[in-house]
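Novice: Input: one structure, supplied below.
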Amino acid sequence: MKRRLNSKNPASLIIGLVVLAILAIAILGAPLLAPYDPVAQNAAERLEKPSEKHWLGTDRFGRDILSRTLHGGQTTLLSSLLALCAALAIGLLVGMAAGMFHGSALDHILMRIIDVLLAFPFMVFAMVIAGLFGTGLVHLLLAVVSVWWVSFARLTRSVVLHAKNETSYAAAKVLGASNLAIMRKELLPKAISPVLILATFELGTLILSIAALSFLGLGAQPPAPEWGSMLADGRAHFFQAPHILIGPAAFIVATVLAFNLIGEGLRDRLDPYEKLEL
Amino acid sequence: MSSDNRAEALEVKGLQVAYEQNGRRTTVLNSLDFKLGKGEILVLLGESGSGKSTIAKAVTGMLPPSARIGGGSLRVGAERIPDLGKPGIPWERIRGRGIAMLFQDAQSALNPVMKIKDHFKESLLYHGLASAEGAAAISVAMLERLNFKDVRHILECYPFQLSGGMCQRICLALALCLEPAVLVADEPTSALDTVSQKEVLDLLRKLQREMGLTVLLITHDIAVANAVGNRVIVLNKGVIEEEGETRTVLTRPGSAYTRELLAARNRIARPARGLPPAAGKPVLEIVRLSKTFGGKKRVLRQVDLTLNEREILGILGQSGCGKSTLAKCVAGLERPSEGRILLRGADIGHLKGKARRETSKRIQLVFQDARASLNPGRTALQLVQEPLQYLRIGGKEEREALAAYYLHEVGIADEALTRRPPQLSTGQCQRIAIARALVLRPDILICDEAVSALDMSVQAQILELLQRLQRQFGFSILMISHDIRVLRAFCHHIAVMSNGSFGERKQESGRLHESRQPHTQLLLKCAGDMEDGLV
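The structure is reproduced here in structure tokens:
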């Protein structure tokens, strides 16, 4: 049998955290670190290759790509974290309610809504929202959140259903705990750690999706910098100046990778099934 | 056959095992030696923490990663392993054909998505002992040998369609197909009821007689040791206290520790006495209670039962007879399908919401697995306050004082008040669970197998504690158990349940043997046979 060498190895967690810390410092410190104004245009320096003056080159309006990437990270990261938190909250709430009242009408209705959302292509859904309400970052986030809570709700529900078979749940009931007290004291603490682990994995996908939707022009509007829309911008000049894509692409990859590593590390630490070993 | 010219089937020398967790090292076995002769049943008898299961894991190479083997050699038949601590031991050669294992939970030892016949096929093909067709023939022969009726049907079943006792006998058949030199059985019957327990143990003896089966049987139960063991090793904290012929060790124990173990068992086996009379009005009346799951599976059929004030009533039954469902219905965890549950005349079977929660003050339940019923993150003092918080009784200081009082009453020392379940023993956890149930001053305490997971000495302590508390506070107890000894020692009356109903009214516990119910007689006989010869 293959030994799980990484099962107690914190390397992935540490690497992930270090990468994330560096990215966070760079992005949060953008106003201080960025060499130029991210929206300042300079017609004389269009599509320049990376140089000492512009480390990552310039785009078609002569804007410094490094500055734009650092500033753009604020929008991308902040909006993904915001969307994630909202989705987490909705997912936990819905999952707890469905699991607690398993088999009831409420459970059936919630689960069917989830099925529909899961069956519907997310990108199309986001475009429908944009079509209805217009483009813009807020509408993009609305679209993302309205679909993203589904996986958290599913996971929470299954954890709750599992916990309801445990002695501690029966014990709380016999001791006279109300449903609300049981959910708060017995079920929520059990659901939190697997849901958080899933969240770190989902965050990577979420960043990619927001970038992808911005790339399609549904998210942040020019001239505000955002990783996805920067990629979309560079697309037209890909053959002349491929370096335009390097900055935002590298940052997206690094961020997603960092969150995945953290998720993997957390799973190894918190996974209840790992604890079954003595 | 004298024991001298017997060849050894298994020999363990200088076995040393420690567990390391969070940098703390706990030695479990310290230089242990023992031999197992061919065709012998050797019993390793010990309480939890004696290291008996560690031995089973060490000789099969299944110790968890936290275990550190300090040394020790193993010989199984012709196979010799000079140092168990070194990597690269050819376990795949030893396991199965050298040493076969029988686990406590047979049902989960089998793969739930595989039919029984596929289990046989897999194991025979893997070891290259038969072709696919040959495997079918071998499995039929083996199951017939193990007293199975309707073998063809059983081979087509999935494990979850069979009872725990049947699964254990199938595991035994699977192990024997490979003709192992030694069978290591780790508490093979502790999860079974008295009747299945006896079946499995009788089978082991029969196979020993007929095939010369060699068994290393690990148990905490003196009656099991008595029923099957040729020789017994009494283990205490990783050290051999005593070793010898079973009869000799159990009737004329040489070590003080063995005497203590036997005394604890006798305290439980002694018939009830010193109980205050159970005269009183009925507090709980169950009238024609039925419970059906999923519209078809009838678990309880028209059950009638009356529990009086200050009465200790035992409900005896095999696993799956419906006794736990009855407990759940009374405690409000399950809703009865038909019939009524009257608490002092008022029906509590169909209450909802707040009204149901109010009955928690009158009826409390203590679970078998005390540790699992306690939240591991809370201290003893916090745990006992839980019901008071849930039902909004008293202020902060009052709750804490009440919790401390009841913890003191159940014998939890002051320094343990701030400890959490992982730092407490199983016995202490059960004491805390009892305190938590009593803090509401209930009229009825239901104990659902509350002592069956405990060591013999702890069992005796908890039963004595319950007896004292019952006298002091005057509540009634509904004691649910599969263990006839416990009920006879502890209860005023016993009602025997089988297949979802009581065959007859409750009997005085001292006069259970007068029952004319064949099922009751069978239970009494099985328990009696196992104890046969014990003082």
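So the protein lines, in turn, are chains A and B.
Numbered per my numbering, the first sequence spans residues 75 to 352.
Numbered per my numbering, the second sequence spans residues 1023 to 1557.
Where is the CB? At the ideal position from N, CA and C, for every residue including glycine.
Any C-beta of chain A sitting closer than 8 Å to the C-beta of Asn1052(B)?
Specialist: No, Asn1052(B) does not count as interfacial toward chain A.
Novice: For chain B, check one thing: does any of its Cβ atoms lie closer than 8 Å to the Cβ of Gly250(A)?
Specialist: yes
Novice: Excluding five sequence neighbours on each side, which residues of the same chain lie with their C-beta closer than 7 Å to the C-beta of Cys1451(B)?
Specialist: Hits under 7 Å: Ala1392, Arg1393, Leu1396, Pro1443.
Novice: Along the chain, where does the beta strand (DSSP E) that runs through Met1519(B) open and close?
Specialist: 1515 to 1520
Novice: With C-beta atoms as the reference, is Asn1252(B) less than 8 Å away from Thr1241(B)?
Specialist: No; because the gap between Cβ atoms is not below 8 Å, this pair is not in contact.
Novice: With respect to 7 Å, is the separation between the Cβ of Ile1116(B) and the closest non-hydrogen atom of the ligand GDP below this value?
Specialist: Looking at this structure, you won't find the ligand GDP or any other ligand, since it has none at all.
Novice: If you measure from the beta carbon of Glu240(A) to each beta carbon in chain B, is any gap under 8 Å?
Specialist: yes
Novice: Thr1401(B) to Lys259(A), Cα distance in whole Å?
Specialist: 15 Å
Novice: Compare the C-beta of Ala255(A) with all C-beta atoms of chain B and state if any pair is closer than 8 Å.
Specialist: yes
Novice: Determine, using beta carbons only, whether Ala244(A) comes closer than 8 Å to chain B.
Specialist: yes
Novice: Strictly under 8 Å for the Cβ-Cβ distance: is Leu1387(B) near chain A by that measure?
Specialist: yes
Novice: Going by the CB atoms, is the gap between Ile271(A) and Leu340(A) shorter than 8 Å?
Specialist: yes
Novice: Are there three or more Cβ pairs, one per stretch, closer than 8 Å when the region 120 to 135 of chain A is compared with the region 241 to 260 of chain A?
Specialist: no
Novice: In terms of DSSP beta bridges, what is Phe1315(B) paired with?
Specialist: Lys1319(B)
Novice: Does the beta-carbon of Ser283(A) have 16 or more other beta-carbons within 10 angstroms, so that it is buried, or is it exposed?
Specialist: buried
Novice: For the pair the region 1257 to 1273 of chain B and the region 1048 to 1064 of chain B, tell me if three or more CB-CB distances fall below 8 Å.
Specialist: yes
Novice: What are the residues that DSSP puts in a beta bridge with Arg1253(B)?
Specialist: Leu1064(B), Glu1267(B)
Novice: Tell me the DSSP secondary structure of Glu1356(B) in three-state form.
Specialist: coil
Novice: Using a Cβ-Cβ cutoff of 7 Å, what residues of the region 1408 to 1424 of chain B are near chain A? List them in chain order.
Specialist: Glu1408, Pro1409, Tyr1412, Leu1413
Novice: Assuming the contact rule is C-beta atoms closer than 8 Å, Leu211(A) and Ala294(A) should be a hit. Round their C-beta distance to whole Å, please.
Specialist: Correct: roughly 5 Å between the Cβ atoms.
Novice: Which residues, taken in chain order from the region 1345 to 1357 of chain B, show a beta carbon closer than 9 Å to some beta carbon of chain A?
Specialist: Close to chain A, meaning a Cβ-Cβ distance shorter than 9 Å, are the following residues of the region 1345 to 1357 of chain B: Lys1350, Ala1353, Gly1354, Leu1355.
Novice: Can you give me the C-alpha to C-alpha distance between Arg1274(B) and Gln1126(B), rounded to a whole angstrom?
Specialist: Going from the Cα of Arg1274(B) to the Cα of Gln1126(B) covers about 29 Å.
Novice: Quick one: is Asn80(A) near chain B, going by C-beta distance under 8 Å?
Specialist: Residue confidence is low: Asn80(A) scores 42 on pLDDT, short of 50, so the model does not pin down where it sits. No coordinate-derived value is stated.
Novice: Name the two residues that bound the continuous alpha helix (DSSP H) containing Gln1126(B).
Specialist: From DSSP, Gln1126(B) is part of no alpha helix (DSSP H); its letter is neither H nor E.
Novice: Which value, in whole angstroms, describes the spacing of the CA atoms of Gln1489(B) and Val1508(B)?
Specialist: 12 Å
Novice: How many angstroms separate the CA atom of Gly1496(B) from the CA atom of Gly1302(B)?
Specialist: 11 Å
Novice: Since Ala1078(B) and Asp1208(B) are thought to touch, with beta carbons under 8 Å apart, how far apart are those beta carbons, to the nearest angstrom?
Specialist: Going by Cβ atoms, the distance from Ala1078(B) to Asp1208(B) rounds to 5 Å, so yes, they are a contact pair.
Novice: For Lys123(A), return the contacting residues in chain B, with the cut-off set at a CB-CB distance below 7 Å.
Specialist: Within chain B, no residue comes near Lys123(A); the closest Cβ sits about 54 Å away, beyond 7 Å.
Novice: Taking buried to mean at least 16 other C-beta atoms within 10 Å of its own C-beta, is Asn1044(B) buried or exposed?
Specialist: exposed
Novice: List the residues of chain B whose Cβ lies closer than 7 Å to the Cβ of Lys247(A), in chain order.
Specialist: Leu1355
Novice: Would you say Asp1391(B) lies against chain A (beta-carbon separation less than 8 Å)?
Specialist: yes
Novice: Compare the C-beta of Asn1044(B) against all C-beta atoms of chain A and say whether one is closer than 8 Å.
Specialist: Output row for Asn1044(B): interface = no.
Novice: Along the chain, where does the beta strand (DSSP E) containing Tyr1041(B) start, and where does it finish?
Specialist: 1030 to 1043
Novice: Can Pro1134(B) and Pro1181(B) be called in contact, C-beta distance under 8 Å?
Specialist: yes
Novice: Taking contact to mean 3 or more Cβ pairs, one atom from each stretch, closer than 8 Å, check whether the region 1524 to 1531 of chain B and the region 1325 to 1335 of chain B are in contact.
Specialist: Enough Cβ pairs lie closer than 8 Å, so yes.
Novice: If we define contact as Cβ-Cβ less than 8 Å, is Asn1397(B) a contact residue for chain A?
Specialist: Yes, contact with chain A.
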